[in-house]
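Visitor: At position 1 of the sequence shown the residue is numbered 1 (full-length UniProt numbering), and the sequence of numbers has no breaks. Built from N, CA and C at the ideal position, the CB exists for glycine as well.
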Amino acid sequence: MKLGRHQKFNGVDYECRLCERHFASRGSIYAHCRYTSQHEWCERCRRVFVSERAKNDHLRYSRRHNICWNCPDRKDFETAKDLKNHLSECHHYCHPCKRAHNSARELQDHDVAVHHLCVKCGQYFQNENNLRMHQQTHLPRDMECFGCFQTFKSFSGMLIHLESGTCQSGTDKERIDDLFCEWDQGWKYKLDDDEGEGLIFLCPECDQDFSRLSALYQHAEDVPRCSHLTEEGGCLDELRVFIERRI
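1) Mind checking Tyr93: buried by the 16 CB within 10 Å criterion, or exposed?
2) Grab the span of the beta strand (DSSP E) containing Leu202 for me, first residue to last.
3) Check this for me: beta carbons of Thr151 and Met143, under 8 Å apart or not?
4) If you count every other CB in all the chains shown that lies within 10 Å of the CB of Ala220, and 16 or more means buried, which is it?
5) Asn127 to Asp222, Cα distance in whole Å?
6) Around the C-beta of His32, are 16 or more other C-beta atoms found within 10 angstroms, so that it is buried, or is it exposed?
7) CB-CB under 6 Å to Asn70, same chain, minus the five flanking residues each way: which ones, in chain order?
8) Enumerate in chain order the residues of its own chain whose CB-to-CB distance from Asn66 is below 8 Å, with the five nearest sequence positions on each side excluded.
9) To the nearest angstrom, how far is the alpha carbon of Asp57 from that of Val12?
10) Near Thr166, which residues of its chain fall below 7 Å by C-beta distance, leaving aside the five closest residues on each side in sequence?
11) When the distance is taken between beta carbons, is Phe201 closer than 8 Å to Asp207?
12) For Glu244 and Gly147, I'd like the C-alpha separation in whole angstroms.
13) Quick check on the burial criterion: 16 or more other C-beta atoms within 10 angstroms. Buried or exposed for Arg141?
14) Hey, Gln7 and Val48 are a contact pair by Cβ (cut 8 Å); roughly how many whole angstroms apart?
15) Please report the residue range of the beta strand (DSSP E) in which Glu16 lies.
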């Protein structure tokens, strides 16, 4: 290992330029630099620094060092991988954000809010909507069809089944459309179809239109802005109750 810029070998002895002292061997000058209070020493690199600030700058930016600045003792790891594992295990560290957290739960909350983490399977998503759509795959199939004994993860899934005409009850899309028209609030949430191709259903929150009632419900289930429509007291929840009573 080469001598640092504050150390010199003149062919006979070793000199500490900061202290202007001479030593008979490399080991002697290293021992001096290691224990003197006149300057700072880096054991791994065998380099001396004029101040603590200069040494800290070296530790922070040198590729030979992997310092945990969250630890009081500034632990220096052999490899960057060792440091990364330490940060994850001991400091609940978010590496993309370069931010430590006080607990695993705090890190999880951060990952959910910022990085769209699915806590059930550990996958990350590009945006909140993609996460919400994915989370539906984890829903239990506990919604029983109004017309038979098949179960579904969502009401929109049940409506797709009913509209397809495969339900044992004989319900099909025409029957679902008729029930919508029978509902006393239905006129508020449909558009006139000038081409005569059937009902056009309207989302009352964002004015997006759909050719199937199941598509309207799927939209409301997936889009945060419109999800309140399917909650208790919402117009789509009231329609769901109406359909249940008529099938």
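Guide: To lay it out plainly:
1) As a working mapping, residue 93 is identified with position 93 in the sequence shown. Buried, since its Cβ has 16 or more Cβ neighbours within 10 Å.
2) Within the sequence shown, the letter at position 202 stands for residue 202. Element bounds for Leu202: Ile200 to Leu202.
3) Against the sequence shown, residue 151 aligns to sequence position 151. Against the sequence shown, residue 143 aligns to sequence position 143. Their beta carbons are under 8 Å apart, which means Thr151 touches Met143 by this criterion.
4) Working through the sequence shown from its first residue, we reach residue 220 at position 220. With 16 or more other Cβ atoms within 10 Å, it is buried.
5) To locate residue 127, count along the sequence shown from 1; it is residue 127. To locate residue 222, count along the sequence shown from 1; it is residue 222. Those two C-alpha atoms are separated by around 12 Å.
6) Along the sequence shown, read from residue 1 onward, the residue named residue 32 stands at position 32. With 16 or more Cβ atoms within 10 Å of its Cβ, His32 is classed as buried.
7) To locate residue 70, count along the sequence shown from 1; it is residue 70. So the list reads His91 and Ala100, once near-sequence residues are dropped.
8) Sequence index remark: in the sequence shown, residue 66 carries index 66 (1-based). If we look at Asn66 and ignore the five residues flanking it on each side, its Cβ neighbours are Asp76, Phe77, Glu78, Thr79, Ala80, Asp82 and Leu83.
9) Position 57 of the sequence shown, counted from the start, is the residue given in the question as residue 57. Position 12 of the sequence shown, counted from the start, is the residue given in the question as residue 12. Taking the straight line from one Cα to the other gives about 33 Å.
10) If you number the sequence shown from 1, residue 166 lands on position 166. Excluding residues within five positions, none has a Cβ falling inside 7 Å.
11) On the sequence shown, residue 207 is found 207 positions in, with the first residue counted as 1. On the sequence shown, residue 201 is found 201 positions in, with the first residue counted as 1. It is not a contact, given that the beta carbons lie outside the stated cut-off.
12) As a first step, residue 244 must be located in the sequence shown, where it is residue number 244. As a first step, residue 147 must be located in the sequence shown, where it is residue number 147. One C-alpha to the other measures close to 9 Å.
13) Position 141 of the sequence shown, counted from the start, is the residue given in the question as residue 141. Burial call: exposed.
14) Taking the sequence shown and counting its residues from 1, one reaches residue 7 at position 7. Taking the sequence shown and counting its residues from 1, one reaches residue 48 at position 48. Right, the Cβ-Cβ distance comes to about 7 Å (below 8 Å), so this counts as a contact.
15) In the sequence shown, residue 16 corresponds to position 16, counting from 1. Note on residue identity: the sequence assigns Cys, not Glu, to residue 16. Tyr14 to Cys16 is the extent of the beta strand (DSSP E) around Cys16.
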